[in-house]
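Order-wise, the sequence lines are chains A and B.
For the first sequence, our numbering gives the first residue as 50, with consecutive numbering after it.
For the second sequence, our numbering gives the first residue as 50, with consecutive numbering after it.
2 protein chains.
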Amino acid sequence: MDIFTALSDPIRRQLIEALWQRGPLSIKQLGEGLNISRQAVTKHLNVLIKAKLVSAEFSGKERIHQLNPRPMEQVALWLQPFAAQWDDRLSRLNTYLGEEHEQD
Amino acid sequence: MDIFTALSDPIRRQLIEALWQRGPLSIKQLGEGLNISRQAVTKHLNVLIKAKLVSAEFSGKERIHQLNPRPMEQVALWLQPFAAQWDDRLSRLNTYLGEEHEQD
DNA sequence: TTGACATGCAACCAATTGGTTGCATAAAGT
DNA sequence: ACTTTATGCAACCAATTGGTTGCATGTCAA
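Laid out in structure tokens, this is it:
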């Protein structure tokens, strides 16, 4: 599953934000704010898992999810070249990235 | 049209890259590398236009497209909070952004 | 003015998406 | 043991997506 696709759904982005802000959560907990069925939440989470953005493991009967934000780096790296034409702040950031800080 | 959705398709990302690298191009020119019909290219371009990522105007019989990368900033800004947990380079960048450089 | 070229519009189609409901199962609480 | 709770699996569905083809239109070149 492609990461850009995984991030293209607002609900999935909300799930990511929730995990970011509130730490590891179960399916039910993650679904609480959202106005969709539990199964719909599961589907979205599975998309995120396939994209490696989220990892899950069982703790008893609960499936606990954890955010794995590193894959999102790919997106940031794709965006970089274009950043030069954005606002001042981001163009300075782009300059920064373009300096001798490469490591890979 | 949501920007994340616009960026979620690989062909649309290719179109963006083409406009970035080769400058303003017509529909036909943009479709040349791709193995899909002209109309499919048009559809993708229209998605990018609705997302304000691309602007187009006619020059004679040709519709010339231009990249408008600034809207992508939104994506970068969404990504930012998570960057702290990425690699060293990006976490330093995040620190940089988190300093007193805010402006908005 | 005739023909070639670049495009728009519309119909159509298969596959995917995002959602649902119903039922089954395993873990935890009483 | 019984009940509740959290989940998985599968079927189903409507809407959207990404693609196609056919035909119409406006522009440019000969």
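Cβ coordinates follow ideal geometry from the N, Cα and C atoms, glycine included.
Could you give the C-beta distance for residue i and residue j, rounded to a whole number, given that I count them as a contact under 8 Å?
i, j, result
"ILE65/A", "LEU116/A", "6 Å"
"PRO118/A", "PHE131/B", "4 Å"
DSSP has residue i in a bridge; who is on the other side?
i, result
"GLN70/B", "DSSP, once it has assigned bridges, lists no residue as partnering GLN70/B."
"PHE107/B", "ARG112/B"
"SER75/A", "ILE113/A"
Since residue i meets chain A, which of its residues come closer than 9 Å, beta carbon to beta carbon?
i, result
"VAL3/B", "This structure does not reach residue 3/B, given that chain B is present from 50 up to 153, and the question cannot be answered."
Give the residues of chain A in contact with residue i, contact being defined as C-beta atoms less than 8 Å apart.
i, result
"ALA67/B", "Chain A residues near ALA67/B: none, gap ~13 Å exceeds 8 Å."
Quick one: list the residues of chain B neighbouring residue i, beta-carbon separation under 9 Å, in chain order.
i, result
"ALA53/A", "The sequence shown places Phe at residue 53/A, rather than the Ala named in the question. In chain order: PHE53, LEU56, SER57, ASP58, PRO59, ARG62."
"GLU132/A", "According to the sequence provided, residue 132/A is Ala. The question's Glu does not apply to it. Result: PRO118, MET121, GLU122, ALA125."
Name the chain B residues whose beta carbon is nearer than 8 Å to that of residue i?
i, result
"PRO73/A", "Those within 8 Å of PRO73/A in chain B number zero; the least Cβ separation is about 14 Å."
Whole angstroms are fine: how far does the CA of residue j sit from the CA of residue i?
i, j, result
"MET121/A", "LEU102/A", "7 Å"
"SER104/A", "GLN123/A", "18 Å"
"LEU146/A", "GLY82/A", "Its pLDDT being 47, under 50, LEU146/A is placed unreliably by the model, and the measurement read from it follows with that caveat. Looking at the two C-alpha atoms, the distance is approximately 37 Å."
"ARG87/B", "ALA55/B", "18 Å"
"ALA100/B", "MET50/B", "5 Å"
"GLY72/A", "LEU68/B", "40 Å"
"ILE60/B", "HIS93/B", "8 Å"
"PHE53/A", "ASN95/A", "15 Å"
"GLY80/A", "LEU126/A", "31 Å"
"SER75/B", "ALA89/B", "14 Å"
"THR91/A", "ASP58/B", "23 Å"
"LEU97/A", "ILE85/A", "17 Å"
"GLU188/A", "HIS114/A", "Nothing can be reported for residue 188/A: it is not among the residues displayed for chain A, which extend from 50 to 153."
Below 7 Å on C-beta distance, what does residue i contact in chain A?
i, result
"MET50/B", "None at all; the shortest Cβ gap to chain A is about 11 Å."
Three CB pairs or more closer than 8 Å across the stretch 107 to 121 of chain A and the stretch 93 to 110 of chain B:
Taking 8 Å as the limit for Cβ pairs, the verdict is that the stretch 93 to 110 of chain B does not touch the stretch 107 to 121 of chain A.
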